[in-house]
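Input: a single structure, listed below in structure tokens.
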DNA sequence: CGTATGAGGTTACCCGAGGTAACACCAAAG
DNA sequence: CTTTGGTGTTACCTCGGGTAACCTCATACG
């Protein structure tokens, strides 16, 4: 029974099971089945369900494990005493470096399988929600916005997170440029370069909005527009 | 073989089935089961599978239907001959108005169920990819960015789309403010207000970062528009 | 010593969702 | 009257999440 000494073996097993789940997800991506995870752990499903109530529970435990690290990095990056632009670039780079280092893990963190338990219409995974909150808090603390400061901070937190998420995913898949270039491109966007840049002379052909040439070497993957 | 005349009854049935699917999704949200859709249509599964190869096919057909409208709106908003800031606000408002008008539908469009067929690691749903492409094209055509223009346009297209997606989802769920305020908040972000705003004197408390709830002002908030 | 107890583990099952096979019906074309 | 092609059905398969019931072994205890 008990002897619940310091390291109850139960907790230890839990960690081992999470390790196994981790391996499977790192191999199969999110959407790994409970069967697969159990197999990897060398056991069968019911045990998994004894330790984690359901799939959601397991995934959540697993997510929290990894989230801690990511969140800590972001938090640290947000707290550095730098000029704002450098700080923002630091945060962007932190995130991109993280997803670059362990794509599968971060795909799992950022793109929960929709069956993972989140209610319907949950756009940002918990890990990202936390990052968004972190950014919002930083904005609220560090930036002087007049009235509406609260609303702006919240909105920007989500917005920036979503921006980096979408851009980061695309970058991971296509690798259209170096990490530094990506950081710069996003920071430029946040820095109002879109507002500041001059107009291009309206070229002759006004119509045909989508998909024209690929400039430089971007080689965009085409996507049939049409309707 | 098929006189493929204009109104082949087959196509008509297809549309009726899509109508039914539409109704179900509008009611149950994405993740509606094929059984449910078949039932709503007053028929059984195999028929569904005869018209649309699989669930992915059905969802895709359904998505294309709705995407057309959304995409057209966005495209139109992007082509208006306005000052850039007004144009951007118009696009933001167009998107927010759309998701506000038919939340379930746009949730379906923007948050595919992961089993809907997209490959693993597909962050942006097809509809959103198209919007991103549209924005990228507009940037490429209208904005004068030096070298790297292509890369910047692509990145910003995704980034802006992700930003609006995340912020829009949050706005839909929480309704923290009016649509206009949301548009302004996002446009401000894009306009470099984050860069321009002054520093806040570093308060004593270093921070308790997370904590999601609504920060003081979110609700009532004050009057003044930004400045 | 025998036994109760509780972790660790197993087999075998239920259910719902995607997807398919085989068969039945009905209208028009020949 | 028969072929053809679309509409429809029932019944089934598979796979994944989740559960019930049962087994087993070490240990604490009378």
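Chains as they are written, first to last, in our numbering: chain P, 13 to 239; chain S, 13 to 239.
Glycine included, each C-beta is placed from N, C-alpha and C at the ideal position.
At least one beta carbon of chain P lies nearer than 8 Å to the beta carbon of residue 211 of chain S. Less than 8 Å separates the beta-carbon of residue 70 of chain P from that of residue 60 of chain P. When rounded, the separation of the alpha-carbon atoms in residue 203 of chain S and residue 196 of chain S is 10 Å. Distance from the CA of residue 150 of chain S to the CA of residue 91 of chain S, rounded to the nearest whole angstrom, comes to 8 Å.
Of the residues assessed, residue 199 of chain P falls on the buried side of the cut-off, its CB having 16 or more other CB atoms within 10 angstroms.
Nearest Cα to residue 109 of chain S within the set S:187, S:166, S:207, S:49: S:187. Not a single unbroken stretch of the beta strand (DSSP E) spanning 3 or more residues falls wholly within the region 61–93 of chain S. A buried status is given to residue 123 of chain P, since no fewer than 16 other beta-carbon atoms sit within 10 Å of its beta-carbon.
Among the residues facing chain S, residue 79 of chain P is not included, as its CB has no counterpart in that chain under 8 Å away.
The beta-carbon of residue 153 of chain P is placed less than 8 Å from the nearest beta-carbon of chain S.
Listed in chain order, the alpha helix (DSSP H) runs fully inside the region 104–189 of chain P are 115–122, 138–154, 161–186, counting runs of at least 4 residues. Sequence-distant partners of residue 116 of chain S (beyond 5 residues in either direction) whose C-beta falls short of 7 Å from its own C-beta, in its chain, are 37, 38, 41.
Bridge partners of residue 210 of chain P according to DSSP: S:156. Our two residues, residue 148 of chain S and residue 24 of chain P, have alpha carbons roughly 50 Å apart in a direct line. When only Cα atoms are considered, residue 32 of chain P and residue 63 of chain P end up about 13 Å apart. In terms of CA proximity to residue 141 of chain S, S:80 leads the group S:80, S:184, S:207. Exposure of residue 95 of chain P is indicated by the presence of fewer than 16 other C-beta atoms within 10 angstroms of its C-beta. Counting along the chain, the unbroken alpha helix (DSSP H) around residue 192 of chain P starts and ends at 191–202. Residue burial is scored here from C-beta neighbours: residue 65 of chain S has fewer than 16 other C-beta atoms within 10 angstroms and is therefore classed as exposed. According to the DSSP assignment, residue 49 of chain P belongs to the alpha helix (DSSP H) that extends over 46–53. Assignment of residue 24 of chain S by DSSP, reduced to helix, strand and coil, places it in the helix class.
Neighbours of residue 89 of chain S in chain P, taken as residues at a C-beta separation under 8 Å, are lacking, since the least C-beta distance is about 11 Å. In the structure shown, residue 95 of chain P falls within a coil segment according to DSSP collapsed to helix, strand and coil. The Cβ atoms of residue 156 of chain P and residue 35 of chain S lie no closer than 8 Å to each other. For residue 100 of chain P, the closest of P:207, P:76, P:192, P:210 by C-alpha to C-alpha distance is P:192. Sequence-distant Cβ neighbours of residue 86 of chain P in its own chain, meaning closer than 7 Å and more than five residues away, are 103, 106, 107, 143, 146.
The C-alpha of residue 49 of chain P is placed about 26 Å away from the C-alpha of residue 185 of chain P. Between the beta-carbon of residue 121 of chain P and that of residue 78 of chain P there is about 6 Å, and that keeps the pair under the 8 Å contact cut. Cβ atoms of residue 152 of chain S and residue 139 of chain S stay farther apart than 8 Å, at about 20 Å. Residue 41 of chain S sits in coil when the DSSP states are folded into three classes, being neither helix nor strand.
The C-alpha of residue 118 of chain S lies about 43 Å from the C-alpha of residue 54 of chain P.
By the beta-carbon neighbour count (other beta carbons within 10 angstroms, threshold 16), residue 181 of chain S is buried. With respect to the 8 Å criterion, residue 56 of chain S and residue 179 of chain P are not classified as neighbours on the basis of their beta carbons.
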